[in-house]
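*Asks:* Sending over a structure as structure tokens; questions will come in a sec.
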Amino acid sequence: MKLSRVIDTSAAVAETSSRSAKVSTLAHVLQETVAAYGRGHHCIEVVADYVAGTLPQRRVGVSWRGLRDLPPSAEVATLTIEQTDAALTSLAALSGSGAASRRRKAVRGLFARASAAEQRWLAALITGELRQGASDGVLLQAIAAAAGVDDPIVRSAVMRAGFPGPVARVALSAPDAESAMAALTAMTLRVGRPLRPMLSGSSPSVEEVVTGECEVAIERKVDGIRIQAHVWQTPNGPEVHVFTRTLEEITDRVPEVVEELAQLPTRAAVLDGEIIALRPDGRPEPFQVTGGRTASSANPEKLREQIPLTTYLFDVMHSDGTDLIDVTNAERWSMLSALAPHLLVPRLITSDPVAARAFFDEQVRVGHEGVIVKSLGAPYTAGRRGEGWTKVKPRHTLDLVVTAVEWGSGRRQGMLSNIHLAARNEHSDELVMLGKTFKGMTDEVLRWQTERFLELETRRSSHVVFVRPEQVVEIAVDGVQRSRRYPGGIALRFARVLRYRDDKSVRDIDSLQNVIATLGVGLGPSLAESPGD
21 MKLSRVIDTS
31 AAVAETSSRS
41 AKVSTLAHVL
51 QETVAAYGRG
61 HHCIEVVADY
71 VAGTLPQRRV
81 GVSWRGLRDL
91 PPSAEVATLT
101 IEQTDAALTS
111 LAALSGSGAA
121 SRRRKAVRGL
131 FARASAAEQR
141 WLAALITGEL
151 RQGASDGVLL
161 QAIAAAAGVD
171 DPIVRSAVMR
181 AGFPGPVARV
191 ALSAPDAESA
201 MAALTAMTLR
211 VGRPLRPMLS
221 GSSPSVEEVV
231 TGECEVAIER
241 KVDGIRIQAH
251 VWQTPNGPEV
261 HVFTRTLEEI
271 TDRVPEVVEE
281 LAQLPTRAAV
291 LDGEIIALRP
301 DGRPEPFQVT
311 GGRTASSANP
321 EKLREQIPLT
331 TYLFDVMHSD
341 GTDLIDVTNA
351 ERWSMLSALA
361 PHLLVPRLIT
371 SDPVAARAFF
381 DEQVRVGHEG
391 VIVKSLGAPY
401 TAGRRGEGWT
411 KVKPRHTLDL
421 VVTAVEWGSG
431 RRQGMLSNIH
441 LAARNEHSDE
451 LVMLGKTFKG
461 MTDEVLRWQT
471 ERFLELETRR
481 SSHVVFVRPE
491 QVVEIAVDGV
501 QRSRRYPGGI
511 ALRFARVLRY
521 RDDKSVRDID
531 SLQNVIATLG
541 VGLGPSLAES
551 PGD
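Each residue of the sequence shown is one higher than the one before, counting from 21 in our numbering.
In structure tokens, the structure reads:
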């Protein structure tokens, strides 16, 4: 089966806004893959990943920089799925002395065999920039349709398997729908293979969640990198694999975390937690410090000395042969406490709103993000944002002005969506961009802002519409972080629209200096002393 068939499918999915058409197109190419290779073939998994815009290998060690000087493209598209997957697998396995030059040679070898369309598609796939409209939900529906089973069965299997590819392979390996349903139902958590993490809802205040009616667990919300750790014993000693929230493996980048988890007294365990860089006084470093540490694979041993990581654990999904995702939070915490008492995240059990508020205030005071309120009777709902966990963080609001807007894609095609946000530099009265957001916009808001910003348009550049800086918007943010991308030296974190403020003018917006003074605690004195200079 040729790679060009997948590329044509990607284009067809991207060009339609109809969800049912996307599902039908994807289901058809999955069935074609089975017909081409036979049931159970690994290429079923590969094609499922490709149409989702995902590398089966996850990472191959190549960035945009490594794709700049590509050879001329082939005149005819001849690459097959098997050839492409084999080449990328070999590329991902390159390591050691001389790996960089061998990697360049391998990249050129693969791309020399690719047509112009294949080169563009492969470059986007490798760098994670492939945007083709096949969302996770659409792909899972397509797998269900191709196998003739109900959507919830596929979704449940993916929660435990982590990725859609293995589920597609299992579902489409069965001779009929009944067998497919049985095979999918039998898919369970496997130590060493990451499952999707449980997610939390949110609430604006602790008192809305802790009402005095029943006891709940309140845990510190650590502003670090979410990890899922798999630990098991082998004849050669303990094996540890560490994955991020997106299920990317970072084991080699966090040696001190691996060493600590390897000491746990367990035959096999799957653990949920956070890792974070702390200052000598115990307060957390800015998020970017932790994020930069875990994103870097350069000399982990040296980095651990410069920016050591602290491990916090707050859940266990498997222990010594027993899956725990269906047992209660209270039972899981009891088992985790026995397994790793020295790594537990701070936790309070209470039904008292006053005690809950005091715990929340203390976590914020010492520099953490807030709290997670957890139902003691809740199971671990892998991959779902259930009612069992509720995060509470201080909500900061800012009044900023819109300076430009980007045209939307997918469901927002034809509407102005992503807004550019700016504050005022009180020293020069100039507007300073702090970031963008497309969050918090209803369909009604999207229609209104499209009309409004076209009225304010001054010029266009590619997909960006620049506007007169007159429309004030109130946004909520989780905080700010250092940024070289924007002239003020900071960028907004998780900005979302609350409402447009027609009652305010650009003279009333927040200043850059105020944003830094209010939200920039911990980013260092240089920003506060000379913001925007």
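All C-beta atoms, glycine included, are put in the ideal place defined by N, C-alpha and C.
Note that the structure is a prediction, hence the values are computed from the model and not measured.
Along the chain, where does the alpha helix (DSSP H) that runs through R516 open and close?
*Replies:* Position 496 of the sequence shown, counting from 1, holds the residue named residue 516. From DSSP, R516 is part of no alpha helix (DSSP H) but of the beta strand (DSSP E) over 516-521.
*Asks:* Just how far apart, CA to CA, sit P361 and D335?
*Replies:* Counting from one through the sequence shown, the residue named residue 361 turns up at place 341. Counting from one through the sequence shown, the residue named residue 335 turns up at place 315. When rounded, the distance between both Cα atoms is 12 Å.
*Asks:* Measuring CA to CA, which of A32, T36, T29, L23 is closest to G430?
*Replies:* Here residue 430 is taken as the residue at index 410 of the sequence shown, counted from 1. The option with the nearest alpha carbon to G430 is T36.
*Asks:* Out of T29, A56, L50, I27, which one is the CA nearest neighbour of M21?
*Replies:* One-based indexing of the sequence shown puts residue 21 at position 1. Measuring from the Cα of M21, the nearest candidate turns out to be A56.
*Asks:* Near G564, what residues of its chain come up, given a Cβ to Cβ distance below 8 Å and the 5 sequence neighbours on each side ignored?
*Replies:* The structure shown has nothing for residue 564, since the chain only spans 21 to 553.
*Asks:* Hey, could you find the ends of the alpha helix (DSSP H) P91 is sitting in?
*Replies:* On the sequence shown, position 71 is the one that residue 91 refers to. Where P91 is concerned, there is no enclosing alpha helix (DSSP H), given that its DSSP letter is neither H nor E.
*Asks:* Can you tell me whether D463 is buried or exposed? The criterion is at least 16 other CB atoms within 10 Å of its CB, across all chains shown.
*Replies:* For this step, residue 463 is matched to residue 443 along the sequence shown. So D463 counts as exposed.
*Asks:* For G460, which option in N438, H388, S110, S121 has the closest C-alpha, if you only look at C-alpha atoms?
*Replies:* Counting from one through the sequence shown, the residue named residue 460 turns up at place 440. The option with the nearest alpha carbon to G460 is N438.
*Asks:* Spatial neighbours of R479 within its chain, please: CB distance less than 6 Å, with the 5 preceding and 5 following residues excluded, ordered by chain position.
*Replies:* Translated into the one-based positions of the sequence shown, residue 479 becomes position 459. F486, listed in sequence order.
*Asks:* Please classify S121: is it buried, with 16 or more other beta-carbons within 10 angstroms of its beta-carbon, or exposed?
*Replies:* Position 101 of the sequence shown holds residue 121. Result: exposed.
*Asks:* Got a sec, what are the start and stop residues for the beta strand (DSSP E) F263 sits in?
*Replies:* By one-based count along the sequence shown, residue 263 stands at place 243. From DSSP, the beta strand (DSSP E) with F263 extends over 257-264.
*Asks:* Any heavy atom of the ligand MN closer than 8 Å to the CB of L204?
*Replies:* In terms of ligand content, the structure shown is empty, and the ligand MN therefore cannot be addressed.
*Asks:* Considering only their Cβ atoms, is the gap separating A496 from A515 smaller than 9 Å?
*Replies:* Within the sequence shown, the letter at position 495 stands for residue 515. Within the sequence shown, the letter at position 476 stands for residue 496. A contact, by the Cβ cut-off of 9 Å.
*Asks:* For the alpha helix (DSSP H) containing G148, list its first residue and its last residue.
*Replies:* Taking the sequence shown and counting its residues from 1, one reaches residue 148 at position 128. No alpha helix (DSSP H) contains G148, which DSSP labels as neither H nor E.
*Asks:* Using a threshold of 9 Å, state whether the C-beta atoms of P489 and V386 are closer than that.
*Replies:* Within the sequence shown, numbered from 1, the residue matching residue 489 stands at position 469. Within the sequence shown, numbered from 1, the residue matching residue 386 stands at position 366. Going by C-beta atoms, P489 is not nearer than 9 Å to V386.
*Asks:* Spell out the partners DSSP gives K394 in its beta bridges.
*Replies:* As a working mapping, residue 394 is identified with position 374 in the sequence shown. For K394, which the question treats as bridged, DSSP gives the partners A237, W409.
*Asks:* Along the alpha helix (DSSP H) that carries H338, what are the first and last residues, could you check?
*Replies:* Taking the sequence shown and counting its residues from 1, one reaches residue 338 at position 318. Note, H338: premise wrong, no alpha helix (DSSP H); beta strand (DSSP E) at 329-339.
*Asks:* Given a cut-off of 9 Å on the beta-carbon distance, is the pair T314 and L298 in contact?
*Replies:* Position 294 of the sequence shown holds residue 314. Position 278 of the sequence shown holds residue 298. Not a contact, by the Cβ cut-off of 9 Å.
*Asks:* Enumerate, from N- to C-terminal direction, the unbroken alpha helix (DSSP H) stretches of 4 or more residues contained entirely within the segment 348-378.
*Replies:* Within the segment 348-378, the complete alpha helix (DSSP H) runs of at least 4 residues are 349-359.
*Asks:* Using 8 Å for Cβ pairs, my map puts S317 next to D272. What's the rounded Cβ distance?
*Replies:* Taking the sequence shown and counting its residues from 1, the one referred to as residue 317 is at position 297. Taking the sequence shown and counting its residues from 1, the one referred to as residue 272 is at position 252. Right, their Cβ atoms sit about 6 Å apart.
*Asks:* Could you round the C-beta distance between Y400 and V365 to whole angstroms and report it? I think they count as a contact, below 8 Å.
*Replies:* Walking along the sequence shown from the start, residue 400 turns up at place 380. Walking along the sequence shown from the start, residue 365 turns up at place 345. 16 Å between Cβ atoms; not a contact.
*Asks:* Considering only the beta carbon of each residue, do A162 and A47 sit closer than 9 Å?
*Replies:* Translated into positions along the sequence shown, residue 162 becomes position 142. Translated into positions along the sequence shown, residue 47 becomes position 27. Yes, the Cβ-Cβ distance between A162 and A47 is below 9 Å.
*Asks:* Exposed or buried, which one is N256 when buried takes at least 16 other CB atoms within 10 Å?
*Replies:* The residue you call residue 256 lines up with position 236 of the sequence shown. Result: exposed.
*Asks:* Should the segment 443-451 be regarded as contacting the segment 531-540, the criterion being three or more beta carbon pairs within less than 8 Å?
*Replies:* The segment 443-451, when compared against the segment 531-540, does touch it at the 8 Å Cβ threshold.
*Asks:* Starting from N445 and walking both ways along the alpha helix (DSSP H), at which residues does that stretch end?
*Replies:* Position 425 of the sequence shown, counted from the first residue, corresponds to residue 445. Per DSSP, N445 belongs to no alpha helix (DSSP H) and is neither H nor E.
*Asks:* Tell me which residues share the same chain as V484 and place their Cβ nearer than 7 Å to its Cβ, disregarding the 5 neighbours each side in the sequence.
*Replies:* Position 464 of the sequence shown holds residue 484. Contacts found: A424, E426.
*Asks:* Out of F379, I101, G86, which has the shortest C-alpha to C-alpha gap to V230?
*Replies:* Your numbering for residue 230 matches position 210 in the sequence shown. It is F379.
*Asks:* With a floor of 4 residues, list each alpha helix (DSSP H) that falls wholly inside the segment 167-246, ordered by position along the chain.
*Replies:* With a minimum length of 4 residues, the continuous alpha helix (DSSP H) runs that stay inside the segment 167-246 are 171-181, 184-191, 197-205.
*Asks:* If we ignore side chains and look at the alpha-carbon of each, how far apart do P186 and S222 end up?
*Replies:* Within the sequence shown, numbered from 1, the residue matching residue 186 stands at position 166. Within the sequence shown, numbered from 1, the residue matching residue 222 stands at position 202. Straight-line Cα distance between these residues: approximately 31 Å.
*Asks:* Using a 10 Å radius around the Cβ and a threshold of 16 neighbouring Cβ atoms, would you call Q501 buried or exposed?
*Replies:* By 1-based counting over the sequence shown, the position of residue 501 is 481. Counting Cβ neighbours within 10 Å, Q501 comes out buried, since at least 16 surround it.
*Asks:* Within this structure, are the beta carbons of S30 and V71 separated by less than 9 Å?
*Replies:* Position 10 of the sequence shown holds residue 30. Position 51 of the sequence shown holds residue 71. For S30 and V71, yes; Cβs fall inside 9 Å.
*Asks:* Assuming the contact rule is C-beta atoms closer than 8 Å, R404 and L219 should be a hit. Round their C-beta distance to whole Å, please.
*Replies:* Walking along the sequence shown from the start, residue 404 turns up at place 384. Walking along the sequence shown from the start, residue 219 turns up at place 199. Confirmed, Cβ separation roughly 7 Å.
*Asks:* Buried or exposed for K322, going by 16 or more other Cβ atoms inside 10 Å?
*Replies:* As a working mapping, residue 322 is identified with position 302 in the sequence shown. With fewer than 16 Cβ atoms within 10 Å of its Cβ, K322 is classed as exposed.
*Asks:* Specify the secondary structure class of L291 as computed by DSSP and reduced to three states.
*Replies:* For this step, residue 291 is matched to residue 271 along the sequence shown. Of the three classes helix, strand and coil, the one that applies to L291 here is strand, per DSSP.
*Asks:* So, using beta-carbon positions, are R189 and R216 closer together than 9 Å?
*Replies:* The residue labelled residue 189 in the question sits at position 169 within the sequence shown. The residue labelled residue 216 in the question sits at position 196 within the sequence shown. Not closer than 9 Å, so no.
*Asks:* Let's see if you can read the secondary structure: which residues bound the beta strand (DSSP E) around D498?
*Replies:* What you label residue 498 is simply residue 478 of the sequence shown in a count that begins at 1. From DSSP, D498 is part of no beta strand (DSSP E); its letter is neither H nor E.
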